[in-house]
Each structure stands twice: as structure tokens, then as C-alpha cells.
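Q: Numbering (UniProt numbering), first residue to last: 1 to 220. So that we are looking at the same thing, I have put the structure below in C-alpha cells.
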Amino acid sequence: MKIATFAVFAIATMLSGCASVTPTSIVDSPRTARPLTTEQMQVKPTSGAIYQGGNFRPIFEDRRARQVGDVLTLVITERTTANKAGTNSANKTSAVSIGLPKPLQGTFGNPLAINNNNSFSGADNQTASNAFTGTMGITVVEVLPNGNLIVAGEKQVGMNKGVEFIRFSGMVNPDNIVTGNTVSSTAVADARVEYRTSSQVDKAEVASMVSRFFQSILPF
């Protein structure tokens, strides 16, 4: 009975190890934030006054994100291209001449010559290209002392075969926010853009724990 129980436990452990591991997210910061209340703002409200410094918006300026909880539109235009080319060649020639005793000169000749020639030539050309475009809304989660905005956001799209996740975080200079309260992903510092799905295809691309274990110890 104990042997059977142990066998069942061992099989269950092995099967669980064959399961794929969910990929970890590279966006580890909070992906949304609520607007600050009046008590939380650094600018104290002026009692009885119409003008409030904490809610100041320039008249001749579009409404743009500048405070915690404000939303702006992110335009994702990520394109990367990498090319690598290289050539390698080597050539080695060697010659050896050996004098032989007279009894052997009639058979092999004198002197005995040995020639060796080794040559190698190789070429490598690699090209990688990636493109990611789209739009999504992001939220200001923190305002730095110099005025830069820490932004983050997440977009989920449910489909019949799973859910698509688009996650983003980074730091935005308010001067890079253009008309329409939009900012390009290429103008965001420390940007982290992540695209995942909950479909079986995404899970199949990640090797299981058991597969990674055997791949790490196999010499080929």
C-alpha cells in the first residue's frame, strides 16, 4: 500500500513538473493610480478663493496629464532592426624536407618532402527585425520632484481563444506630451513594453521545468 501511494505521488509530481511555467511580467510597478485628494496635494487649498493652485490648468494649453491619476494616450511605435555580418578566413602552409640515409634513398628519394596545406573560409550574416504598434491609455502613478511623470498602464482584450495583455511603464517628460494629450513610446524613458496572451500558444513557447532540467544536464 505504501509503495502504491509513493508511486502515485511520484507520478503526480512528475506530471506537475511537465506543466509550463507562466512567464513573469517585466512591468512590476502599479499599473494605475487614483487622483490625489485635496488633503494629499502638496499645494494647500485656499479657503474661500476661486483659484486653487493644486488644480491649476493653463488657459491657452490643451488639457494634458500632469498630476497623479491623470490619463494620457500612449502611441506605441516600437521598431528594432539589427544586422550582423562577418567573414573569417585562415590559410596555413607548411613544408618539411628530411634527408634520408643512403639505403632508403632508392625507395623514397632524397630528400623526403612533406607538404601540408590547411585553409578555412566562412561567412555569417544575421538579420533580426521586430515591430510593435498600437495605442492604449496609461495613468500617471507618480510625479517626480523635477516634474517628470511616472506612468503605467495595462490593456486587456478578450478573444475566443484567450486574453491579450499589453502592459507598459516608463517615465515621461511633460514637454514630450503633444496635442491631444498623447505621447509616443519612443519618447518615454525607461520604457517597458510587454505583450502577452493567455492562449495555449503563449504557454507552449515556455519550456516546462522538467524539460529545462534535462536540457541543462545533457551535453548535446
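Note that the Cβ used here is the ideal one computed from N, Cα and C, for glycine as well.
Look at the Cβ atom of Asn-88, then the Cβ atom of Gly-122, and state whether they are nearer than 8 Å.
A: Against a cut-off of 8 Å, the Cβ pair of Gly-122 and Asn-88 comes out as a contact.
Q: Using a Cβ-Cβ cut-off of 8 Å (strictly less than) and excluding sequence neighbours within five positions of Thr-197, which residues of its own chain qualify?
A: Cβ within range, chain order: Gly-162, Val-163, Glu-164 and Phe-165.
Q: What residue range is occupied by the uninterrupted beta strand (DSSP E) comprising Arg-192?
A: Here the beta strand (DSSP E) through Arg-192 covers 189-197.
Q: Among all the DSSP beta bridges, which residues are the ones paired with Gly-124?
A: Reading off the sequence shown, one finds Asp at residue 124, where the question assumed Gly. Paired residues: Gly-86.
Q: List the endpoints of the continuous beta strand (DSSP E) containing Ala-65.
A: That residue, Ala-65, is in no beta strand (DSSP E); it is neither H nor E in DSSP.
Q: The beta strand (DSSP E) spanning Ile-150 covers which residue range?
A: Looking at the DSSP string, the run of the beta strand (DSSP E) that includes Ile-150 is 149-159.
Q: Based on the DSSP secondary-structure assignment, which residues constitute the bridge partners of Lys-74?
A: Reading the sequence as shown, one finds Leu at residue 74 and not Lys. DSSP output for Leu-74 lists Met-136 and Val-183 as bridge partner(s).
Q: Ile-76 to Thr-127, Cα distance in whole Å?
A: Spanning the two alpha carbons is a distance of roughly 23 Å.
Q: Using 8 Å for Cβ pairs, my map puts Phe-168 next to Ala-189. What's the rounded Cβ distance?
A: Contact doesn't hold; Cβ gap of about 13 Å is too wide.
Q: Note down the Cα distance separating Asn-130 from Met-159, rounded to an integer number of angstroms.
A: The straight-line gap from Cα to Cα measures roughly 24 Å.
Q: Here's the rule I'm using: 16 or more other beta-carbon atoms within 10 Å means buried, otherwise exposed. How should Ser-119 be labelled?
A: Answer is exposed; the Cβ neighbour count stays below 16.
Q: Does the beta-carbon distance from Val-193 to Glu-142 come in below 8 Å?
A: The answer is no: Cβ separation not under 8 Å.
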